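Residue numbers (mature numbering (1 follows the signal peptide of the UniProt record, and there is no 0)): -23 to -1, 1 to 172.
Here's what the structure looks like:
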């Protein structure tokens, strides 16, 4: 189980944890912690870099239908919640993940010097901070996170796409050779806005 977990931790970027084997044959347990409905969403600061508006689509509360695709067994599906809001006086997006198997957070801000989004995230299954970079390419938000898997360095790539006012999709792949080749989809999500 430890080796499997280490293999998938990298593939899961910053979002989720492989459920225990017993949970794969039973309904997923309830989400560990529900976001506080009174937690403010905040607003983007007009003085923030103009590119900060690129993540306006993420702001709000989301129901998430997630499917993991482990390389050596059947897919696993479960539900989670995502609460995304502006913090640090509207210059930083804080993403709070609440699932049945893990909780976590990511802070993202746009760096006008590099022209990229920079993030730091912490999830309960990883117990260490990781860093990510992101950019918009052809209307899609692409995020890469460097991590260490059981076979060494791993790059996880998330693709946010089909971005609509009330929903968006995400899929992820991974590379164990510095980006020369990429795996098939390791997980995918449909995020639906909670009104």
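Here a beta-carbon is modelled for each residue, glycine too, at the ideal position from N, C-alpha and C. Predicted model only: the values in this text are computed from it and were never measured.
Would residue i count as contacting chain C if we go by Cβ distances under 8 Å?
{"i": "residue 92", "result": "In the displayed structure, chain C is absent; only one protein chain is listed."}
Have a look at residue i and residue j and give me their C-alpha separation to the nearest angstrom.
{"i": "residue -1", "j": "residue 78", "result": "Bear in mind that a pLDDT of 41 at residue -1, under 50, signals an unreliable position, so the number given afterwards is only what the model happens to contain. So the two alpha carbons sit approximately 10 Å from each other."}
{"i": "residue 158", "j": "residue 135", "result": "15 Å"}
{"i": "residue 128", "j": "residue 147", "result": "25 Å"}
{"i": "residue 126", "j": "residue 152", "result": "10 Å"}
{"i": "residue 133", "j": "residue 84", "result": "17 Å"}
{"i": "residue 99", "j": "residue 70", "result": "14 Å"}
{"i": "residue 172", "j": "residue 122", "result": "30 Å"}
{"i": "residue 38", "j": "residue 75", "result": "11 Å"}
{"i": "residue 124", "j": "residue 130", "result": "6 Å"}
{"i": "residue 42", "j": "residue 112", "result": "24 Å"}
{"i": "residue 86", "j": "residue 31", "result": "11 Å"}
{"i": "residue 117", "j": "residue 102", "result": "28 Å"}
{"i": "residue 46", "j": "residue 167", "result": "15 Å"}
{"i": "residue 21", "j": "residue 108", "result": "22 Å"}
{"i": "residue 61", "j": "residue 154", "result": "32 Å"}
{"i": "residue 80", "j": "residue 23", "result": "31 Å"}
{"i": "residue 140", "j": "residue 59", "result": "16 Å"}
Buried or exposed: where does residue i fall if 16 or more other Cβ atoms within 10 Å of its Cβ makes it buried?
{"i": "residue 143", "result": "exposed"}
{"i": "residue 115", "result": "exposed"}
{"i": "residue 72", "result": "buried"}
{"i": "residue 106", "result": "exposed"}
{"i": "residue 57", "result": "buried"}
{"i": "residue 18", "result": "exposed"}
{"i": "residue 54", "result": "exposed"}
{"i": "residue 161", "result": "exposed"}
{"i": "residue 52", "result": "exposed"}
{"i": "residue 88", "result": "exposed"}
{"i": "residue 104", "result": "exposed"}
{"i": "residue 91", "result": "exposed"}
{"i": "residue 66", "result": "exposed"}
{"i": "residue 64", "result": "exposed"}
{"i": "residue 120", "result": "buried"}
{"i": "residue 156", "result": "exposed"}
Thinking residue i and residue j are a contact (beta carbons under 8 Å), I'd like their distance in whole angstroms, please.
{"i": "residue 145", "j": "residue 34", "result": "6 Å"}
{"i": "residue 149", "j": "residue 138", "result": "That belief does not hold up - the Cβ atoms of residue 149 and residue 138 are roughly 12 Å apart, past 8 Å."}
{"i": "residue 169", "j": "residue 40", "result": "5 Å"}
{"i": "residue 95", "j": "residue 110", "result": "6 Å"}
Exercise for review: Starting from the N-terminal side, write out each stretch of the beta strand (DSSP E) that is 3 residues or longer and does not extend beyond the segment 8 to 78.
Suggested key: If we require 3 residues or more, the beta strand (DSSP E) runs fully inside the segment 8 to 78 come out as 37 to 45, 53 to 64, 69 to 75.
**Study point:** Inside the segment 83 to 134 only - beta strand (DSSP E) runs reaching at least 3 residues
**Key:** The beta strand (DSSP E) runs of length 3 or more contained entirely in the segment 83 to 134 are, from start to end of the chain, 93 to 100, 107 to 114, 117 to 126.
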